[in-house]
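**Q**
Protein chains in written order, with our numbering: chain A, 11 to 457; chain B, 11 to 457.
Pasting the structure below:
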């Protein structure tokens, strides 16, 4: 490392951080990328891991391998727990300090249970990390395994009932993949149960799923989900998540319904990573209600032009008045922008505000089923699905896994098999063995 | 399920149990296969998961998928904890009982630390399960990650020192794959360390590694390992495994050597699964010193012709006077034999004793490096490696993963990349952050 060169420290190896690092490849700087994990995760495909279609290794790439040929970049595994903007250092969990000339924070977001984290998180896993996906996969598969051995019809029905909270892209993709699994992939594999009898409930608080999409695509998505046996419940709020049931309240009538289930999956709220609080404390920057950092038009902090926040951690509303969505496209463009802004600053050039170029939105529902909103064009069904496959494989090109994922997808597609359905890790949740007692819950629902 | 048909219960979905089940496909029986896990694991390739070459999903197949088209077979996820040979039932961990007409036990083996399990197991993980492999992968990768950040040369050297206990196939394959990783795959990916400086020690108690192979192949294997930077230490016994060192004693001189290290991997001893003790208690059958069940020439228990024990759990010495080795070939042939023996018994035909047809032994050391002992032919280097690749891909044919593993291997081979190097699960072991204090240990070594 040339000590005389400017040192850029980038925290977080997601889309934002990795693209920022790569965009500095030919810049006369030293880059240090820090992440808690040693790999970049292709999060848009995480739901496929959660439903046994792909392995975690298929959608993750070691960051060292990604930066192997970028000689001005070093990668470090570590967790940044503090930032000192006066001394211009970041502080790692083991006390090590790393000095920066410019700092880019791209640590993303995690789940958010509307203030009921302690109670709901263990019961309704969200989908952000590889461990989350493996946990969800285990929960789903264990429920079917337990149903195959269950003789009590009420318990069996509850074991085969799934509740997915949140009708955004994550919830829709999970529900669709789970529908495929139950209705097609696993159907011939069980002897005592018919997996197509599974009840999959997608619960959404607003009046339609995929509310960020045009209405016609929401309707297409809902129709596709219905074909896969998913029950879409809109205008419904989850008010309680217990070991063996979920309480759902109608947003209009206030009526409560109890759904006996052992498997609840969370696709509802996200919250910025804890580093935003550190930034607020250390620099006085303002946070929004989910702790995202209110950034300047150039993605820097007010009064701290050497600190940038990008990706899901940034609240950027200068363009449309609304914060940009927490999607890979935004993070990637922000990463590239910051690399360019730093270059322009170095050469004394004018820096224009960040501008997001929306390339469209895509959500997949199942085999041959997807929705796409690109420019003024709306696609649904097979055309949308083909666009989705093409776009995702093209992205994976960067991450060395294209060939393998293509093979795996092709295989899964033509055989309708999914070989990654392993139950690994901890044992089954205790509550799956509990007797169902809903008296108390029903009382509550009646009140 | 036709209730009038004979019910065969098979416990364990490894090579023995799965092959027994499949061999009964056309028999007029009902088969129930029970395993704690919902997948069959292709154990011979587990070391590739432990070293980041393949994902767990690449070498595992859901048992349900494997038995999908075998309509006379049902699979159940569950753990058998007891057997009642009088009532002819097996008892699961939740109290469920399953009645059998004939029972096949194929629950295999796990690690064995020569009576020091509690002390050594957490420090020196063995390689039997997917979780084991992922744990070893994490330990190896974390050691390099910590070394990259370490500034103290003594600690850095200890972090880059690896001790593999046991020079059998598992130890040799792990050492070779680790050598490839350090000397080739990862070399360009680190900035502060040269991974080729890693010290990889393979410790073997006997006077040569791979002692089940002919002497010339042991020598070839040792030479290949040396090329990959592995130090082979024969006639050496491990006497202590601590958080930050290992004590090794020379079997001849008694001299003790201390090796500072944070990463110890276990490839030494195995022990039969706990179900053998249940069998001994319930049927009076004799066990050998590693708890394997002493079976009759037809693999049944004495006085219990309806209970068979196969695979690693069986001690079968009727053929050569020595127990057959715990390898996939033996288990597969035993599985097929039991299916045939039950068929012959059903039709009142004569049952000949089990006879193992040795198709040879194969161990892989690295890219283009392997040893093979087939009939009277000894192969080493590239020819042995090609045989190994061919044989393993051919086996995987059964398990639906051939195409994917071939793609992955081809990719890894030509690019020398290994994309499955993820650090997942628990955080780094605490002791990696401990200061090294060897005074006490050195005292011990001096005594």
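We treat Cβ as the ideally placed atom computed from N, Cα and C, and that holds for glycine.
Under 7 angstroms, do residue 241 of chain A and residue 172 of chain A count as touching if we go by C-beta distance?
**A** Residue 241 of chain A sits at position 231 when you count from the first residue of the first chain. Residue 172 of chain A sits at position 162 when you count from the first residue of the first chain. No, the Cβ-Cβ distance between residue 241 of chain A and residue 172 of chain A is not below 7 angstroms.
**Q** Between the beta-carbon of residue 321 of chain A and the beta-carbon of residue 341 of chain A, is there less than 7 angstroms?
**A** As a working mapping, residue 321 of chain A is identified with position 311 in the first chain. As a working mapping, residue 341 of chain A is identified with position 331 in the first chain. In this structure, residue 341 of chain A lies closer than 7 angstroms to residue 321 of chain A by Cβ.
**Q** List, from N- to C-terminal side, the beta strand (DSSP E) runs of 3 residues or more that fit wholly inside the stretch 211-261 of chain B.
**A** Counting only runs of 3 or more, we get 240-243, 246-251, 255-260.
**Q** To the nearest angstrom, how far is it from the Cα of residue 452 of chain A to the Cα of residue 129 of chain A?
**A** Numbered from 1 along the first chain, position 442 holds the residue referred to as residue 452 of chain A. Numbered from 1 along the first chain, position 119 holds the residue referred to as residue 129 of chain A. A caution first: residue 452 of chain A carries a pLDDT of 48, below 50, which makes its placement in the model unreliable, though a value can still be read off. In a straight line, the C-alpha of residue 452 of chain A is about 19 angstroms away from that of residue 129 of chain A.
**Q** CB residue 33 of chain A to CB residue 349 of chain A, shorter than 7 angstroms?
**A** Against the first chain, residue 33 of chain A aligns to sequence position 23. Against the first chain, residue 349 of chain A aligns to sequence position 339. Going by C-beta atoms, residue 33 of chain A is nearer than 7 angstroms to residue 349 of chain A.
**Q** Can you name the residues of chain B whose CB is closer than 8 angstroms to the CB of residue 32 of chain A?
**A** Position 22 of the first chain, counted from the start, is the residue given in the question as residue 32 of chain A. Simply none; closest approach about 15 angstroms.
**Q** Are the stretch 322-329 of chain A and the stretch 301-312 of chain A touching, with three or more C-beta to C-beta distances below 8 angstroms?
**A** Yes, the stretch 322-329 of chain A is in contact with the stretch 301-312 of chain A.
**Q** Since residue 190 of chain B meets chain A, which of its residues come closer than 9 angstroms, beta carbon to beta carbon?
**A** As a position in the second chain, residue 190 of chain B is number 180, starting the count at 1. Residues of chain A passing the Cβ test: none, with the nearest at roughly 15 angstroms.
**Q** Got a sec: is the Cβ-Cβ distance from residue 164 of chain A to anything in chain B below 7 angstroms?
**A** Here the question's residue 164 of chain A lines up with position 154 in the first chain. Cβ-Cβ to chain B under 7 angstroms: no for residue 164 of chain A.
**Q** Within this structure, are the beta carbons of residue 169 of chain A and residue 156 of chain A separated by less than 7 angstroms?
**A** For the purposes of this step, residue 169 of chain A is taken as residue 159 along the first chain, with counting starting at 1. For the purposes of this step, residue 156 of chain A is taken as residue 146 along the first chain, with counting starting at 1. Yes; because the gap between Cβ atoms is below 7 angstroms, this pair is in contact.
**Q** Going along the chain, which unbroken runs of the beta strand (DSSP E) with 3 or more residues stay wholly within the stretch 12-67 of chain A?
**A** Whole beta strand (DSSP E) segments, 3+ residues: 16-21, 39-45, 49-51.
**Q** Tell me which residue opens and which closes the alpha helix (DSSP H) that residue 266 of chain A is part of.
**A** Counting from one through the first chain, the residue named residue 266 of chain A turns up at place 256. Where residue 266 of chain A is concerned, there is no enclosing alpha helix (DSSP H), although the beta strand (DSSP E) it sits in stretches over 266-270.
**Q** Between the alpha carbons of residue 336 of chain A and residue 70 of chain A, how many angstroms are there, rounded?
**A** On the first chain, position 326 is the one that residue 336 of chain A refers to. On the first chain, position 60 is the one that residue 70 of chain A refers to. Their backbone Cα atoms lie some 19 angstroms apart in a straight line.
**Q** Which whole-angstrom value is the C-beta distance of residue 74 of chain B and residue 40 of chain B, which I expect to be below 8 angstroms?
**A** What you label residue 74 of chain B is simply residue 64 of the second chain in a count that begins at 1. What you label residue 40 of chain B is simply residue 30 of the second chain in a count that begins at 1. Incorrect: roughly 16 angstroms between the Cβ atoms, too far for contact.
**Q** Let me know the secondary structure DSSP gives residue 281 of chain B once reduced to three states.
**A** Here residue 281 of chain B corresponds to residue number 271 of the second chain, with the count starting at 1. Residue state, collapsed to three classes: strand.
**Q** Note down the Cα distance separating residue 79 of chain B from residue 219 of chain B, rounded to an integer number of angstroms.
**A** Stepping through the second chain from its first residue, residue 79 of chain B is reached at position 69. Stepping through the second chain from its first residue, residue 219 of chain B is reached at position 209. Each residue's Cα considered, the two are about 43 angstroms apart.
**Q** Beta-carbon separation of residue 227 of chain B and residue 90 of chain B under 7 angstroms?
**A** For this step, residue 227 of chain B is matched to residue 217 along the second chain. For this step, residue 90 of chain B is matched to residue 80 along the second chain. Taking 7 angstroms as the Cβ cut-off, residue 227 of chain B and residue 90 of chain B do not qualify as a contacting pair.
**Q** At what residues does the alpha helix (DSSP H) containing residue 199 of chain B begin and finish?
**A** Locating residue 199 of chain B in the second chain gives position 189, counting from the first residue. Where residue 199 of chain B is concerned, there is no enclosing alpha helix (DSSP H), given that its DSSP letter is neither H nor E.
**Q** What three-state label does DSSP hand residue 102 of chain A in the structure shown?
**A** Translated into the one-based positions of the first chain, residue 102 of chain A becomes position 92. Three-state DSSP puts residue 102 of chain A in a strand.
**Q** Residues of the stretch 49-63 of chain B with a CB closer than 7 angstroms to any CB of chain A: list them in chain order, please.
**A** Cβ contacts with chain A: 49.
**Q** Assign residue 179 of chain B to one of three DSSP states: helix, strand, or coil.
**A** For the purposes of this step, residue 179 of chain B is taken as residue 169 along the second chain, with counting starting at 1. Reduced to three states, the DSSP call for residue 179 of chain B is helix.
**Q** How would you label residue 82 of chain B, buried or exposed, when you count the other beta carbons within 10 angstroms and need 16 or more for buried?
**A** The sequence position of residue 82 of chain B within the second chain is 72, counting from 1. Buried, since its Cβ has 16 or more Cβ neighbours within 10 Å.
**Q** Count the other CB atoms, across all protein chains shown, that sit within 10 Å of the CB of residue 23 of chain A; report buried if there are 16 or more and exposed otherwise.
**A** By one-based count along the first chain, residue 23 of chain A stands at place 13. Residue 23 of chain A comes out buried.
**Q** Could you check the C-alpha separation between residue 50 of chain A and residue 86 of chain A for me, to the nearest Å?
**A** Stepping through the first chain from its first residue, residue 50 of chain A is reached at position 40. Stepping through the first chain from its first residue, residue 86 of chain A is reached at position 76. Approximately 13 angstroms, taken between the alpha carbons.
**Q** Taking residue 371 of chain A as the reference, give the member of A:195, A:385, A:364 with the closest Cα.
**A** Counting from 1 along the first chain, the entry for residue 371 of chain A is found at position 361. Closest option to residue 371 of chain A, Cα to Cα, is A:385.
**Q** Rounded to whole angstroms, what is the Cα-Cα separation between residue 286 of chain B and residue 225 of chain B?
**A** Translated into positions along the second chain, residue 286 of chain B becomes position 276. Translated into positions along the second chain, residue 225 of chain B becomes position 215. Cα to Cα, residue 286 of chain B sits roughly 34 angstroms from residue 225 of chain B.
**Q** As a quick exercise: from B:230, B:165, B:233, B:216, pick the residue whose alpha carbon is nearest that of residue 208 of chain B.
**A** As a working note, residue 208 of chain B is residue 198 in the second chain. Checking every option, the nearest Cα to that of residue 208 of chain B belongs to B:165.
**Q** As a quick exercise: from B:383, B:56, B:399, B:377, pick the residue whose alpha carbon is nearest that of residue 190 of chain B.
**A** Stepping through the second chain from its first residue, residue 190 of chain B is reached at position 180. When each option's Cα is compared against that of residue 190 of chain B, the closest is B:377.
**Q** Confirm, please, whether the CB-CB distance from residue 175 of chain B to residue 280 of chain B is below 7 angstroms.
**A** Locating residue 280 of chain B in the second chain gives position 270, where the first residue counts as 1. Locating residue 175 of chain B in the second chain gives position 165, where the first residue counts as 1. Not a contact, by the Cβ cut-off of 7 angstroms.
**Q** At 4 residues or longer, what runs of the alpha helix (DSSP H) sit wholly inside the stretch 95-158 of chain A?
**A** Runs of the alpha helix (DSSP H) inside the stretch 95-158 of chain A: 127-130.
**Q** Give me the DSSP bridge partner(s) of residue 72 of chain A.
**A** Against the first chain, residue 72 of chain A aligns to sequence position 62. According to DSSP, residue 72 of chain A bridges with A:49.
**Q** For residue 98 of chain B and residue 147 of chain A, what's the separation of their Cα atoms in angstroms?
**A** Here residue 98 of chain B is taken as the residue at index 88 of the second chain, counted from 1. Here residue 147 of chain A is taken as the residue at index 137 of the first chain, counted from 1. Distance between the alpha carbons of residue 98 of chain B and residue 147 of chain A is about 35 angstroms.
**Q** How many angstroms separate the CA atom of residue 68 of chain A from the CA atom of residue 430 of chain B?
**A** By one-based count along the first chain, residue 68 of chain A stands at place 58. By one-based count along the second chain, residue 430 of chain B stands at place 420. Approximately 8 angstroms, taken between the alpha carbons.
**Q** Excluding the 5 residues preceding and the 5 following residue 456 of chain A in the sequence, name in chain order all residues of the same chain whose CB lies nearer than 6 angstroms to its CB.
**A** Residue numbering aside, residue 456 of chain A sits at position 446 when the first chain is read from its first letter. Here the model assigns residue 456 of chain A a pLDDT of 47, short of 50, so the residue's position is not dependable and the matter cannot be decided.
**Q** Quick one: using the 10 Å Cβ neighbour count with 16 as the cut-off for buried, is residue 334 of chain A buried or exposed?
**A** By one-based count along the first chain, residue 334 of chain A stands at place 324. The residue is buried, with at least 16 neighbouring Cβ atoms inside 10 Å.
**Q** Just to confirm, is the Cβ distance from residue 361 of chain B to residue 316 of chain B under 7 angstroms?
**A** The residue labelled residue 361 of chain B in the question sits at position 351 within the second chain. The residue labelled residue 316 of chain B in the question sits at position 306 within the second chain. Against a cut-off of 7 angstroms, the Cβ pair of residue 316 of chain B and residue 361 of chain B comes out as no contact.
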